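In our numbering, the protein residues as written are 46 to 438.
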């Protein structure tokens, strides 16, 4: 039986404390954005994630949340000895994730063929924008490019205006890192059932297209117009949009169902207004929206939030990042953490039998290098030699 098999078998019955992925070890090869996000999600679910950084790397302010809960190793992957050290770590890992352009990992000697030859149960997760193949696979790009190519960006923005980038939530994180995390966990289940690992090809183009599934359903049945700002979920309906309040803040309205719309109209004092009586009469929407806007402009955001509290009108305040953490609902659920570090979202989702523990702070780059590599079998003399040659730090 191989060393990798022994290590895997020792982790097949993880401690139920710490999250459902307790006992799972994942190697994360550097990267920015969606790859670290996937690593953060997996860490939050209890996995041990060991991040490999290049020598001289520093944890930036933007990474203090994304890189939380990891162990950090600095290794020069371009040096043969550095790649060999990472291969030794992969021997006893359950998964490895990387976000290089296609072919880079192979050139470093760390591609899936090399890793799976040594550890057949390994799940090898790959995160790119365009995917491992296709005409654009070697092209540079960012979130805005990937969602532009899949139709997402075209659909977002006001009527008659330009597309509006939805931060980098859809390409990088929803369609990228989250899809990679799901793919890795799915492949881990297969590996435990069959003993065979595999490659997970997660592309932000594929993932952002997948997020449009319901929209494509509407389109197929003539219920979606390919123009910005003219569909219900794009903000043109008076019952599914935002309104500016007296203090310059906004209120969000999502009264889609008839009974919720009825509560909204009553709450605005328009129950007897004939224009507001027929929710789906699109010809009346501009007039109705104008009336709603005029009324919402008479009170502050928080006054409206109190006014509609306890109703079914689906009216909620539009909160800033810091305001969101203080909202009573989020505070009661512990949706955000802010006790011993920066304000940050808590791990999600939640599990009844294997609850996750709050992950630790982002490590300093390389703070675990010697202990992790020693655990992989490198001797003190070998570690000293690699340090002297600048392969590890």
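All residues carry an ideal CB built from backbone N, CA and C; glycine is no exception. Predicted, not measured: the structure shown is a model, and the values here were computed from it.
task: Please confirm whether residue 24 and residue 342 have their CB atoms less than 8 Å apart.
output: Any property of residue 24 remains undetermined from this structure, which presents the chain solely from 46 to 438.
query: Should residue 206 be labelled buried (16 or more other beta-carbon atoms within 10 Å of its own) or exposed?
result: Numbered from its first residue, the chain shown carries residue 206 at position 161. Label assigned to residue 206: exposed.
message: Please tell me whether residue 253 and residue 200 are closer than 8 Å, where the distance is taken between their beta carbons.
response: As a working note, residue 253 is residue 208 in the chain shown. As a working note, residue 200 is residue 155 in the chain shown. Going by C-beta atoms, residue 253 is not nearer than 8 Å to residue 200.
query: So does the segment 217 to 237 actually touch the segment 293 to 313, counting three or more Cβ pairs closer than 8 Å?
result: no
query: With 16 as the cutoff for other CB atoms within 10 Å, does residue 351 come out buried or exposed?
result: As a working mapping, residue 351 is identified with position 306 in the chain shown. Flag for residue 351 reads exposed.
message: residue 258 and residue 243 - do their beta-carbons sit closer together than 8 Å?
response: The residue given as residue 243 occupies position 198 in the chain shown. The residue given as residue 258 occupies position 213 in the chain shown. In this structure, residue 258 does not lie closer than 8 Å to residue 243 by Cβ.
message: Based on DSSP bridge pairs, tell me the residues matched to residue 246.
response: Taking the chain shown and counting its residues from 1, one reaches residue 246 at position 201. According to DSSP, residue 246 bridges with 171.
- prompt: Who are the near neighbours of residue 109 in its chain, counting only those whose CB is closer than 6 Å to its CB and skipping five residues on each side?
  reply: Translated into the one-based positions of the chain shown, residue 109 becomes position 64. Answer for residue 109: 387 and 407, listed in chain order.
task: Could you check how far apart the C-beta atoms of residue 333 and residue 283 are, in whole angstroms? I think they sit under 8 Å.
output: Counting from 1 along the chain shown, the entry for residue 333 is found at position 288. Counting from 1 along the chain shown, the entry for residue 283 is found at position 238. Sure, about 4 Å apart at Cβ, within 8 Å.
Residue 117 - DSSP class collapsed to helix/strand/coil: In the chain shown, residue 117 corresponds to position 72, counting from 1. In the structure shown, residue 117 sits in a strand (DSSP, three-state: E or B).
field: Counted within 10 angstroms of its Cβ, other Cβ atoms place residue 218 as buried (16 or more) or exposed
entry: Taking the chain shown and counting its residues from 1, the one referred to as residue 218 is at position 173. Buried is the call here.
- prompt: Could you check where the alpha helix (DSSP H) with residue 40 kicks off and where it finishes?
  reply: Past the edges of the chain, shown from 46 to 438, lies residue 40, and the structure says nothing about it.
- request: Give the straight-line distance between the Cα atoms of residue 155 and residue 203, rounded to the nearest whole angstrom.
  value: For this step, residue 155 is matched to residue 110 along the chain shown. For this step, residue 203 is matched to residue 158 along the chain shown. Approximately 46 Å, taken between the alpha carbons.
message: With a threshold of 7 Å on Cβ separation, who are the neighbours of residue 124 within its own chain once the five nearest residues in sequence on each side are excluded?
response: Within the chain shown, the letter at position 79 stands for residue 124. Same-chain partners within the cutoff: 436.
task: Apply the 10 Å Cβ neighbour rule to residue 85 and answer buried if 16 or more other Cβ atoms are within range, or exposed otherwise.
output: Taking the first residue of the chain shown as position 1, residue 85 is located at position 40. When all chains shown are included, residue 85 counts as buried.
message: Using only the alpha-carbon positions, how far apart do residue 423 and residue 147 sit?
response: To locate residue 423, count along the chain shown from 1; it is residue 378. To locate residue 147, count along the chain shown from 1; it is residue 102. Answer to the nearest angstrom: the Cα atoms are 30 Å apart.
task: List the residues that DSSP assigns as beta-bridge partners of residue 401.
output: Along the chain shown, read from residue 1 onward, the residue named residue 401 stands at position 356. Bridge partners of residue 401: 63.
query: Excluding sequence positions up to five away, which residues of its chain have a Cβ less than 7 Å from the Cβ of residue 356?
result: By 1-based counting over the chain shown, the position of residue 356 is 311. 308 and 312.
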